[in-house]
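Protein chains in written order, with my numbering: chain R, 252 to 918; chain X, 456 to 599.
Every residue gets a Cβ at the ideal spot worked out from N, C-alpha and C, and that includes glycine.
None of these values were measured; they are calculated from a predicted model.
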Amino acid sequence: MKDRIRIALAGNPNVGKSTIFNALTGSNQHIANWPGVTVEKKSGTTRLGKTEIEIVDLPGTYSLTAYSIDEVVARDYIIEEKPDVVIHVIDATNFERNLYLTTQLMELGVPLVIALNMSDEAEKNGTLINRTLIKKYFEIPAVRTVGSKGEGLDELLRAALTEAETSPHHEHAIGYGDEIERHIAAIVAVLEKDPNLASRYPPRWLAIRLLEGDDNAQDKIQKSTITAAADAILASIDTEKTEAAMADRRYEVIAALLPQVCTTCVKEMNASDIIDRVVTDRWLGIPIFLALMWAAFELTFAVATPFMSAIDAVMGSCASYVAGSGMEPAWLASLLGDGIIGGLGSVLIFIPNIFILLFILSLLEDSGYLARAAFVMDRLMYAIGLPGKSFIPMLIGFGCNVPAILGTRTIEDKNDRLITILINPFMSCGARLPVYVLLAGAFFPTNAGTVVFVLYVLGIAIAIGSAYLFRKTILPGKPAPFLMEMPPYRFPTAGTAIRHMWDRGEMYIRKAGGIILAGAFIVWVLATFPWGAEYGSAESYAGMIGHLLEPLVAPLGFDWKIAVALLFGFIAKEIVVGSLGVLYGTGEDESSLTGALLADPSLGPVAAFALMAFVLLYMPCVATLAVIRKETGSWKWTGFSVAYGIIVAYLVAFVIVRAGPLILGGI
Amino acid sequence: MASLTKRIVAGIFGILYLTFGVTETLSGLVPGIAEQTAAFMIPADIMGGLVLCVVAAVYLAALYRFGTGAGSGQAYLYVAMALSVIFGTVALLSLVAQGTDLLVFGEEPWSPIALLVPMVWLAILPAAGISVWKSRFPGHMAGE
Ligand SMILES: Nc1nc2c(ncn2[C@@H]2O[C@H](COP(=O)(O)OP(=O)(O)O)[C@@H](O)[C@H]2O)c(=O)[nH]1
């Protein structure tokens, strides 16, 4: 319990603020003028238990822009004096109009409590406001009060005290959409370069005010080291248009949330309200979201299959053409056939998967659903120390980690973003599926589906655990506020979705393509030389490396062949399957490879499961590493990602090998 | 009386989805069951089964809300029907893609009969229902 806290009362005029202030402070009042202006400042004290509470009554305002002296006084007090809690007194009979101020108070980064005052009148009119849902959507506790009768005031103080003592706070704020958010991020980055400014004013708030052309905010950044830099950014932006667009966003969020927290505040629920009611349901929201994600992946993998078969067939006939052409010299034929065509194949084979998944996610995004899904997932993400925004990159990671990591660009906070990037490789991407299909099919013929499912869950669990660990150790801090966006639902158009898909997918081709090709070339060199050794055999460089690595992986029950396959899997994880085919001398034919694997005495269900877990976790593939390097701009974090992955994979595989026989013994 | 129709629809579809959902999930989990259910064109699919259960839950939530007067029953019914259609379409497209793959590149035969899985045919009536009710639905939501 704190000994002393300071509370400020904010609200529109005539909501009963003075009544509440008088009821709370009684005769312990002090009236003065706010410094420099003739606005009256009322303050007083009260106690709750052992805590002495100082209460300041701020001037009543409709918003916190700088259009009137009252507004400047109110917001400057909150920003500069930083009260422990602000109680936002709302007239419950006029709920919607009061919410605009709420959205602005939320931006100031102070703990808030809502007093739903005039509740007696509101109830008489039949207005029903759901306080639990206010907490859910706005992350602000709400208390029912009747100021004129003194009802609910104790509870109000208790709620304020609890908020003052909760730390860290989970905040929600209005999200202004990609374009404006980019401007905000750019200005925040500049503001944060001046520690004086950044510690005095919440950077996001100041950036927003500057974007809205607020002169008072302009004054605040004069005489700072970054004035010129900030002005340079602002000069390129039409603040008048931006201000209007931002106000629209606030109204949009209010319009979407109002029918959810107060059904009677709207004349008629429209279709959008109806859908929101259900998809954000306390119990059904997450299952519905997961079911839709299942649908996205089901559709992706199913629709991609014929395309992948076609690519496979084309690449296969190219390879056999080269092989049959009797091309001289032999190494050139091998380079073309095994190296280049094989490498190109491993780039192309994922294009259908990635593009279809990105297309479906674009459809979901354009329809407005993903904005709601972010709401649904926000609490869960916050609990593990991540911002709500990072769940979309995590989802895309199930398709491919490369576009997923590129997708983290929307996360502003550096640590938030780094954590999201570092855990992404644990989301089991599509390239790992062929490995599971092969091994689970061979060693768990009756439970293959369940085994694959367990692997996905294992990946998610490790990702969550790692996020938690990083947050507690190397990347401390609290997740940035959740940005609420509630665009109206609309029927997505294929055109827009294709454009979005292309924007993201093209990066995969550009960034990953070259690197995978280069990697495939290296594999070819290692498997082919010294010249004369059989491709990928024990005598090739690859085989030698495998034998060198064998002692390292022996505790996991893996032999040199698996060591080589894992080494090659670094290029792209599905290469593990092809490599095993080469190493076991069966080629790509799956049924004979399955037979060969089953016949290998060193592999059993436990070892196979350990191998699958290892493939899932051991390190990001080379393309993913390349984007990690690019996006973090640091070799240190790239190296960390590799080392962490290998250590986790090793530990997990080791535990499976040791504990597995006890659990899987019967199977 | 319209409300009685809706209750019946919510109840029947809730139970149908639940039954098929549980059966699909169990068929995926317990190997012995799959052979029996395959005869009824019920795939052994854990995740697909769980998805059917989610849809069932939304129908049953609608029924519950109609029954207890908790409100928004129609919203839940409407969304449940929309989910039926979405998942039905997804299942249909996936199966068509699978069929195409088998017909063009595969060795096994494939016949359109394979399209008749519960997730697809359960969606037919809700699809019709949505198109009939579409214009009328939202109007009833006020003040619920
Ligand atoms: N019915 C009802 N009237 C209230 C309540 N709280 C305040 N009032 C009345 O609302 C009017 C405006 O209150 P006041 O405190 O001056 O509003 P302020 O402008 O926000 O400070 C006064 O006549 C109060 O008696 C309440 O909870 N219920």
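- [ ] Figure out for me which residue from 567(R), 910(R), 602(R) and 529(R) has the closest Cα to the Cα of residue 588(R).
- [x] What you label residue 588(R) is simply residue 337 of the first sequence in a count that begins at 1. When each option's Cα is compared against that of residue 588(R), the closest is 567(R).
Open item on the list: Which residue wins for smallest C-alpha separation from residue 661(R), given the options 651(R), 429(R), 523(R) and 555(R)?
Closed with: Here residue 661(R) is taken as the residue at index 410 of the first sequence, counted from 1. Cα-wise, what sits closest to residue 661(R) is 429(R).
Open item on the list: I'd like to check one pair, residue 262(R) with residue 311(R): are the Cβ atoms closer than 8 Å?
Closed with: Position 60 of the first sequence holds residue 311(R). Position 11 of the first sequence holds residue 262(R). Closer than 8 Å, so yes.
- [ ] Could you tell me the distance, in whole angstroms, from the CA atom of residue 888(R) to the CA atom of residue 877(R)?
- [x] For this step, residue 888(R) is matched to residue 637 along the first sequence. For this step, residue 877(R) is matched to residue 626 along the first sequence. Cα to Cα, residue 888(R) sits roughly 12 Å from residue 877(R).
TODO: Please report the residue range of the beta strand (DSSP E) in which residue 302(R) lies.
DONE: Residue mapping note: residue 302(R) aligns to position 51 of the first sequence, counting from 1. Segment 302 to 308, the beta strand (DSSP E) holding residue 302(R).
TODO: Examine ligand 2 and report whether any of its heavy atoms sits within less than 7 Å of the Cβ of residue 295(R).
DONE: In the structure shown, ligand 2 is absent; the only ligands present are ligand 1.
Open item on the list: Short of 8 Å in beta carbon distance, which residues of its chain neighbour residue 359(R), apart from the five on each side in sequence? Order them along the chain.
Closed with: For the purposes of this step, residue 359(R) is taken as residue 108 along the first sequence, with counting starting at 1. Around residue 359(R): 315, 326, 329, 330, 337, 453 and 456.
Task: Through-space distance from residue 441(R) to residue 481(R), alpha-carbon basis - done: Taking the first residue of the first sequence as position 1, residue 481(R) is located at position 230. Taking the first residue of the first sequence as position 1, residue 441(R) is located at position 190. Spanning the two alpha carbons is a distance of roughly 6 Å.
Task: Residues that residue 553(X) contacts on chain R, provided the C-beta gap is smaller than 7 Å - done: Translated into positions along the second sequence, residue 553(X) becomes position 98. In chain order: 553 and 556.
Task: Residues near residue 606(R) by beta carbon distance below 7 Å, same chain, minus five either side - done: Numbered from its first residue, the first sequence carries residue 606(R) at position 355. So the list reads 752 and 756, once near-sequence residues are dropped.
Open item on the list: Quick check: what's the CA-CA separation for residue 521(X) versus residue 565(R)?
Closed with: On the second sequence, residue 521(X) is found 66 positions in, with the first residue counted as 1. On the first sequence, residue 565(R) is found 314 positions in, with the first residue counted as 1. Answer to the nearest angstrom: the Cα atoms are 57 Å apart.
Task: Start and end residues, alpha helix (DSSP H) containing residue 521(X) - done: Here residue 521(X) refers to the residue found at position 66 when the second sequence is read from its first residue. 501 to 523 is the extent of the alpha helix (DSSP H) around residue 521(X).
Task: residue 241(R) versus residue 510(R) - alpha carbon distance - done: The structure shown does not extend to residue 241(R), since chain R is modelled only from 252 to 918, so the question has no answer here.
- [ ] Output the distance between the C-alpha atoms of residue 288(R) and residue 367(R), rounded to the nearest integer angstrom.
- [x] Taking the first residue of the first sequence as position 1, residue 288(R) is located at position 37. Taking the first residue of the first sequence as position 1, residue 367(R) is located at position 116. A direct Cα-to-Cα measurement between residue 288(R) and residue 367(R) gives close to 30 Å.
Open item on the list: So within the region 759 to 814 of chain R, which uninterrupted alpha helix (DSSP H) runs reach at least 4 residues, ignoring any that extend past its ends?
Closed with: Every alpha helix (DSSP H) of 4 residues or more that sits fully in the region 759 to 814 of chain R is shown, in chain order, as 764 to 779 and 792 to 804.
Task: Entirely enclosed alpha helix (DSSP H) segments - the region 408 to 477 of chain R, minimum 4 residues - done: The DSSP assignment places 428 to 442, 446 to 451, 454 to 462 and 466 to 472 as complete runs of the alpha helix (DSSP H) inside the region 408 to 477 of chain R, in order along the chain (cut-off: 4 residues).
Task: Which listed residue (879(R), 891(R), 884(R) and 864(R)) has its alpha carbon closest to that of residue 904(R) - done: In the first sequence, counting from the first residue as 1, residue 904(R) sits at position 653. That would be 864(R), whose Cα lies nearest to the Cα of residue 904(R).
TODO: Determine the contact status of residue 832(R) and residue 818(R), defining contact as a CB-CB distance below 8 Å.
DONE: Stepping through the first sequence from its first residue, residue 832(R) is reached at position 581. Stepping through the first sequence from its first residue, residue 818(R) is reached at position 567. No, the Cβ-Cβ distance between residue 832(R) and residue 818(R) is not below 8 Å.
Open item on the list: Using CA atoms only, rank isn't needed, just tell me which of 533(R), 700(R), 268(R) and 649(R) is closest to residue 383(R).
Closed with: The sequence position of residue 383(R) within the first sequence is 132, counting from 1. If you compare the alpha carbons of 533(R), 700(R), 268(R) and 649(R) with that of residue 383(R), the shortest gap goes to 533(R).
Open item on the list: I'd like to confirm something about residue 636(R): is its beta-carbon nearer than 7 Å to some heavy atom of ligand 1, or not?
Closed with: Taking the first sequence and counting its residues from 1, one reaches residue 636(R) at position 385. Answer for residue 636(R): no, Cβ out of range of ligand 1.
Task: Rounded separation between residue 575(X) and residue 585(X) - CA only - done: What you label residue 575(X) is simply residue 120 of the second sequence in a count that begins at 1. What you label residue 585(X) is simply residue 130 of the second sequence in a count that begins at 1. The C-alpha of residue 585(X) is placed about 16 Å away from the C-alpha of residue 575(X).
TODO: Apply the 10 Å Cβ neighbour rule to residue 466(R) and answer buried if 16 or more other Cβ atoms are within range, or exposed otherwise.
DONE: Indexing the first sequence from 1 puts residue 466(R) at position 215. It is exposed - the Cβ of residue 466(R) has fewer than 16 other Cβ atoms within 10 Å.
Task: Candidates 324(R), 297(R), 706(R) and 298(R): closest to residue 309(R) by CA position - done: Taking the first sequence and counting its residues from 1, one reaches residue 309(R) at position 58. The shortest C-alpha separation from residue 309(R) is found at 324(R).
- [ ] Can you pull the chain R residues whose beta carbon is under 8 Å from the beta carbon of residue 541(X), in chain order?
- [x] Taking the second sequence and counting its residues from 1, one reaches residue 541(X) at position 86. What residue 541(X) touches in chain R: 543 and 546.
TODO: Quick one: grab the DSSP three-state call for residue 296(R).
DONE: Position 45 of the first sequence, counting from 1, holds the residue named residue 296(R). It is a strand residue.
- [ ] May I ask you to list the residues that DSSP assigns as paired with residue 259(R)?
- [x] Counting from 1 along the first sequence, the entry for residue 259(R) is found at position 8. Paired residue(s): 307(R) and 337(R).
- [ ] Could you please give the first and the last residue of the uninterrupted alpha helix (DSSP H) stretch that includes residue 666(R)?
- [x] In the first sequence, counting from the first residue as 1, residue 666(R) sits at position 415. It spans 665 to 674 - the alpha helix (DSSP H) in which residue 666(R) sits, taken as one unbroken run.
Open item on the list: Just checking residue 371(R) against ligand 1 - is the residue's beta carbon closer than 7 Å to any of the ligand's heavy atoms?
Closed with: In the first sequence, the residue the question calls residue 371(R) occupies position 120. With a threshold of 7 Å, the Cβ atom of residue 371(R) counts as near ligand 1, since some heavy atom of the ligand is closer than that.
Task: Sequence-distant residues of the same chain with beta carbon closer than 7 Å to residue 512(R), five excluded per side - done: Taking the first residue of the first sequence as 1, we reach residue 512(R) at position 261. Within the same chain, and ignoring the five residues on either side of residue 512(R) in sequence, the residues whose Cβ sits closer than 7 Å to its Cβ are 380, 381, 384, 385 and 388.
Open item on the list: Against chain R, which members of the region 496 to 508 of chain X pass a CB distance test of less than 7 Å?
Closed with: Under the 7 Å Cβ criterion, the region 496 to 508 of chain X contributes 501, 502 and 506.
Task: Cβ pair residue 554(R), residue 354(R) closer than 8 Å - done: Taking the first residue of the first sequence as 1, we reach residue 554(R) at position 303. Taking the first residue of the first sequence as 1, we reach residue 354(R) at position 103. No, the Cβ-Cβ distance between residue 554(R) and residue 354(R) is not below 8 Å.
TODO: Pull up the distance between the alpha-carbon of residue 622(R) and that of residue 631(R), whole angstroms please.
DONE: Indexing the first sequence from 1 puts residue 622(R) at position 371. Indexing the first sequence from 1 puts residue 631(R) at position 380. Between the alpha carbons of residue 622(R) and residue 631(R) lies a gap of roughly 15 Å.
Open item on the list: Using beta carbons (cut-off 8 Å, strictly below), is residue 549(X) in contact with chain R?
Closed with: Indexing the second sequence from 1 puts residue 549(X) at position 94. Answer yes: the Cβ-Cβ gap between residue 549(X) and chain R drops below 8 Å somewhere.
- [ ] Check whether the Cβ of residue 270(R) lies closer than 7 Å to any heavy atom of ligand 1, and answer yes or no.
- [x] In the first sequence, residue 270(R) corresponds to position 19, counting from 1. Checking every heavy atom of ligand 1 against the Cβ of residue 270(R), one is found closer than 7 Å.
- [ ] Using a Cβ-Cβ cut-off of 8 Å, state whether residue 483(X) counts as contacting chain R.
- [x] Taking the first residue of the second sequence as 1, we reach residue 483(X) at position 28. At least one chain R Cβ lies under 8 Å of residue 483(X).
Task: Delimiting residues of the beta strand (DSSP E) encompassing residue 735(R) - done: Locating residue 735(R) in the first sequence gives position 484, counting from the first residue. Where residue 735(R) is concerned, the enclosing beta strand (DSSP E) stretches over 733 to 735.
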